[in-house]
Structure formats: structure tokens, C-alpha cells
Amino acid sequence: MSEVRSDERRRARLRRLAGIMRWVSLALAAFGPVVLIGVWMRFEVFAPSVMPGLGVGTFSGLDRIGGYAISMLPAAIGVWGFLNLAALFGRFAAGDLFDAGNAVRLRRFAISLLAVVPAKVVAHALLSVWLTRAMPPGSRQLQISFSSDDVVLFAIGLLMVALATVLREAAEIADENRQFV
Amino acid sequence: MPITVTLDVMLARRKMRGKELAERIGMTEQNLSLLRSGKVKGVRFETLARICAELDCQPADLLSYEPDEA
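Chains H and W, in that order, give the protein sequences.
The first sequence lines up with residues 12 to 192 when you count with the working numbering.
The second sequence lines up with residues 66 to 135 when you count with the working numbering.
What follows is the structure, encoded as C-alpha cells:
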């Protein structure tokens with residue numbers, strides 16, 4: 012009997028944790044686009060660290076709006092990934108640990124991590140072209156940026172795809188077990 | 066599936082209703098109904114033991130094997 016109560020306590024704890032993680036995921040989904048607004052409003056401050064060697068001191072309103080739109084390319088993928096993660100934790104919080112849909116949501120989050128890496132590279136290149144478009148020929152730039160962080164992010168994405176595959180198998184086993192009385 | 070659940074026969078012999086058996090062995094009526102109709106993939110030994118204890122029978126009284134004719 013105490014074993015049953017211990018199981019219930021453990022599951023209740025898991026549901027609470029999943030509920031918190033759902034809100035954290037939703038906050039992270041909102042974080043990117045909101046922070047980007049701040050970054051582009053004060054891009055003079057962030058430009059040396061975000062895009063070193065750009066050689067542009069002032070940015071027009073059109074520069075900022077275009078820059079924000081280009082920056083939103085990887086950010087939108089991140090938002091999509093975190094919304095799927097929030098949905099996954101929502102299912103966990105509801106007590107559906109081995110639902111087949113959970114594996115789909117985890118897989119989508121993993122795909123978002125994988126997709127955000129090339130999206131970042133493309134966005135950085137587009138930004139350099141966009142922000143230096145008004146400069147005289149010879150000074151315009153096309154920056155290609157790829158860091159070790161991107162490699163780590165990509166590796167985590169691959170790991171998540173593997174975990175999603177395992178979760179799908181687990182869901183199928185759990186479904187089969189439900190058919191045992 | 067060549068395994069047939071003959072729980073209905075034992076329930077009739079013991080003059081017990083499915084609802085009563087479900088309550089006694091701590092199983093939902095829905096699950097017992099699925100078991101009676103053979104719409105389950107398997108029966109746990111624990112469930113089998115509870116049913117045998119309540120109906121005072123052997124597992125062989127609840128299951129029968131009839132080979133497929135094909």
C-alpha cells in the first residue's frame with residue numbers, strides 16, 4: 012500500500028515539475044522575439060559583439076526593421092521548437108507520459124535545434140549583406156559565421172532525435188502493456 | 066487466436082456476475098469485459114491468480130486452446 016502511495020507521490024512530483032517546465036518553455040518561446048526587439052532598438056551597442064568588423068556606426072529605421080525580420084528566421088524556428096516542448100511538458104503534466112504524440116513533439120523540438128544552426132548561418136550572412144548594402148562597392152560584406160556553439164547545438168539536436176525515437180518505441184510498448192489485464 | 070477465454074462459463078457455474086467479480090478482484094468492469102470477450106493481448110499471472118481464488122478454480126478452467134483449422 013505504501014508502495015502505491017510512493018508511486019502516486021512520485022508521479023505528482025513529476026506532474027508538478029512538468030507543469031513548471033511547460034511555463035519555462037513558453038517563456039523561452041516568447042524570450043527570443045522580445046529580446047531581439049531590444050537588441051535591434053539598441054543595435055549600435057550590440058553590433059560590435061554580434062557582428063564584429065561590420066564597420067557601420069549608425070543604423071536607420073529600415074536597417075533595424077529589416078535586421079529584425081532577418082534575425083527572426085532562426086528565432087521563429089526556436090519559437091516553434093519551444094512551443095512543441097511546452098506542449099510535450101503539458102502532456103507530461105496531464106499524466107500522459109507514454110503517449111505516441113509525445114515522441115512527435117520531442118522530435119519536432121529536436122528538428123528545431125537542428126534547423127536553427129543552418130538558419131543562424133544564413134541569417135548572419137543575410138544580415139551582413141543587408142547592413143552593408145549602402146556602403147560603397149568594395150566595402151560591402153558577406154560574413155559567414157559558424158562557431159563551436161553551433162556544433163554543440165547540432166549535436167544536442169541529434170541526441171534529441173535519438174531520444175525521440177526511443178520515446179516512440181517506449182510509447183508503443185506502453186500501449187501494448189495497456190492491453191494486458 | 067487459438068486461445069479462448071472461458072471466464073463466462075466459470076462465472077455461470079459459480080452463479081456470479083461480472084460486476085461482482087470485478088469488484089472482488091479489484092479490476093474495472095471495463096477491463097473485465099475486455100477479458101471476457103478475449104479482446105486483450107494477455108493476462109497477468111496476478112490477475113489470473115485473483116480470479117482463480119475468487120472462483121475457486123484453476124487457470125485451465127478459464128482458458129482453452131483450440132488450434133486454428135487452417
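C-beta: ideal position from N, C-alpha, C; glycine also.
Cross-chain neighbours of residue i in chain H, by beta carbon under 8 Å
i	result
K84(W)	The contacting residues do not exist; K84(W) stays about 16 Å from chain H at best.
Partner residues on chain H for residue i, Cβ-Cβ distance less than 7 Å
i	result
T112(W)	V192
Limits of the beta strand (DSSP E) - the one that residue i falls within
i	result
L153(H)	No beta strand (DSSP E) contains L153(H), which DSSP labels as neither H nor E.
L128(W)	L128 to Y130
T69(W)	I68 to V70
Bounding residues of the alpha helix (DSSP H) (the contiguous stretch that carries residue i)
i	result
S102(W)	Counting along the chain, S102(W) falls outside any alpha helix (DSSP H), and DSSP gives it neither H nor E.
V56(H)	F54 to V61
D121(W)	Looking at the DSSP string, D121(W) is not in any alpha helix (DSSP H), and its letter there is neither H nor E.
K131(H)	A111 to L142
M171(H)	S159 to R189
V90(H)	G72 to A104
R109(W)	Taken as a continuous stretch (DSSP letters only), R109(W) belongs to no alpha helix (DSSP H), as it is neither H nor E.
R89(W)	G83 to I90
Exposed unless 16 or more other CB atoms sit within 10 angstroms - verdict on residue i
i	result
T112(W)	buried
R151(H)	exposed
A114(W)	exposed
N113(H)	buried
K131(H)	buried
Within chain H, partners of residue i - CB distance below 9 Å
i	result
M92(W)	V192
Residues, ordered as in the chain, of the stretch 158 to 190 of chain H that lie near chain W by beta-carbon distance below 7 Å: Under the 7 Å Cβ criterion, the stretch 158 to 190 of chain H contributes E187 and Q190.
Contact list for the stretch 99 to 128 of chain W against chain H, Cβ threshold 8 Å: Answer in chain order: L99, L100, V105, K106, G107, V108, R109 and T112.
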